[in-house]
Structure formats: C-alpha cells, structure tokens
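Here the numbering used here runs 1 ahead of the position in the sequence shown, where the first position is 1.
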Amino acid sequence: MALILFHSPRGGTGTSFLAATTAIALSRAGHDVTALDLAQSGTLQLHFGIGPGEALPPLDAPAEDTASASVQGVALRSAAALARQPDFAEALAKGEIGFGGEQLFVADISSADRHLRDLLLPYAVLEICPLTATAECLMMLPAVNDTGLAKTRFVMSMVEDTRRFARHSVGFLRELLGDRLLGQVRRDEAVIEAGAMLQPLGRYAPHSAALADTIALGECVAELIAEILDDEGADLPEDDAAAPAGQTGKNRAA
C-alpha cells in the first residue's frame, strides 16, 4: 500500500517514539501495519514493550517465523541488515523489494543515516520529520524549502508549553510551514518511564498528555495517507510490478 518514513536531521527528537505510536494509531484506524526498524538501535521496539535483548524477525523472514512478532496489531520487523546489503539499492530499483500490497509500512530511520533516507524517499508516499524547539533544529530550517521535501511533513516534538522559546518556535513554524506542520507532541516524562518499564505508553500511562497528542497525530496521518492514496494511486507501483516488502523477485531468488 504505502511506505511512510520517520527521519529527523537531528538526534534526540523522539523519532522512534513517534514512529511507534503512529504505527499503533494507523493499526487502530483499520490498516494492516508493519513497523520497520532501520535504525539498529533497538529503540523502536522499546515503545512496543519489547526489550533490546529480544531480536525482531528480519523483514525477509519466512511467515512462520514472524507470527509472534506483533504488538497492538502492528507487525514488527528489523530491516537494518537488509538495508545494508550491497545490492539493496539495486533490488529496490528492480522492484525485487517493494512496498506494495495491502500493508502500510512505517520505517524508523536513524538521524545519522541520511543516505538511507535519501535512498528510500522515492519509494515512500510520506516522510514525517520530527523537530524540537532547540537552536540546533531551527538552524536547519532553510532546508525546508528544498524541492526534495515535497513529500515531507513536520511534527514539533517534546514541546514544553511553559517555555517561551518553545511557544514562539511552534508559532514561527506554523507560519513558515503552514499545513506541512501536522501538529505537536508535548514533553511527558511518562514516555521515558514507559520505555524503562518495557510497556507501551497507552498501557503504562493511558492519560498521558503525549499519548493524547500522538493519537491526534495518528488520526491526522491516517487522513493524510487516505488523501495521498486517493490522489496519487495511479502513480504507486502496481502490485505485480514489485514483490511484497521483504520478499524477493525471481531474479533475486535465482
């Protein structure tokens, strides 16, 4: 169906948390969702209540080996090793690895891995870039007018409403980005605590402010994806033109 990238040019912006909670929200909206860990850090799975010592099944694993790797309706897969294979870019270009079918793929990409982000962006329908109200993030704002960001939408992450700089930053970005700014997620210690307790945020702190914000963000992304697929469906790869993600085409299997 579609590939959604989560990537920020700066680390520490809550990218893995937002990827996880958005995947859960999309699943609750009725989509068949797979969350892809491309960051090799193990952070994504923490937000599903899975410890770093538990390895996720690889994206190209046989179906019988992946049945148990599902949390809150989201299938969890590791794609880091696959993405670092020498022929990964060629396999994407030939359609031997694709993101068609009936699934939504939510990919968590490390901030340091700009090359992988650039490699996958042509195959994605949407990129979500978390920003924080810091001087380091705001220094990168000239890049938002880059023509390569046509698929990119932004989220203000870890916002502290009591901080004047944060409030002014959100207002400035709303004026600059318009509807490309999808919303904001408040800073909440419950996010860190839930990760430390190996529990999804919704289970650990169901009344969390950050949880309420991410639910709203997930609903916004679900609506946006529906619009994109309706408007650009003709431009998406046909199911028979690309193998399902994680499965290889005939040439690759040979």
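All C-beta atoms, glycine included, are put in the ideal place defined by N, C-alpha and C.
With a threshold of 8 Å, are at least 3 pairs of Cβ atoms found where one atom belongs to the segment 160-176 and the other to the segment 194-207? no
Start-to-end residues for the beta strand (DSSP E) that takes in Gly184: Leu182 to Arg187
Reference Leu218; option with closest CA among Leu4, Leu27 and Thr14: Leu27
So Gly196 and His8 are in contact, right, with Cβ under 8 Å, and what is the actual spacing, rounded? So it is not a contact: roughly 20 Å between Cβ atoms.
Check each candidate in Asp61, Gln185 and Ile226 and name the one with the smallest Cα separation from Ala30. Ile226
Whose C-beta lies closer than 7 Å to the C-beta of Ala125 among residues of the same chain, with five residues either side of it excluded? Leu4, Ile5, Leu6 and Lys152
Smallest Cα separation from Ser267: which of Leu183, Cys130 and Ala94? The structure shown does not extend to residue 267, since the chain is modelled only from 2 to 255, so the question has no answer here.
Where the beta strand (DSSP E) through Val156 begins and ends: Thr153 to Val160
Is the segment 132-146 touching the segment 33-49, taking contact as three or more C-beta pairs under 8 Å? no
Grouping DSSP H, G and I as helix and E and B as strand, with all else coil, what is Ile226? helix
The segment 9-23 / the segment 85-100 touching (three or more Cβ pairs under 8 Å): no
Going by alpha carbons, who is nearest to Arg118 out of Leu199, Asp38, Arg188 and Ala213? Asp38
Assuming Ala134 contacts Leu121 (C-beta within less than 8 Å), just tell me the rounded distance between them. With a Cβ gap of about 27 Å, Ala134 and Leu121 do not count as contacting.
Should Glu97 be labelled buried (16 or more other beta-carbon atoms within 10 Å of its own) or exposed? buried
List, from N- to C-terminal side, the alpha helix (DSSP H) runs of 4 residues or more that fit wholly inside the segment 65-92. 81-84
Chain-order list of residues whose beta-carbon lies under 6 Å from that of Leu199 (same chain, five-residue window excluded): Gly50 and Gly52
Excluding five sequence neighbours on each side, which residues of the same chain lie with their C-beta closer than 6 Å to the C-beta of Ala191? Ala206 and Ser209
How would you label Gly12, buried or exposed, when you count the other beta carbons within 10 angstroms and need 16 or more for buried? exposed
Can you say whether Asp231 is buried or exposed, counting buried as having 16 or more other CB atoms within 10 angstroms of its CB? exposed
Nearest to Thr23 by alpha carbon, out of Ile193, Ala113, Arg115 and Phe106? Phe106
Exposed or buried, which one is Arg164 when buried takes at least 16 other CB atoms within 10 Å? exposed
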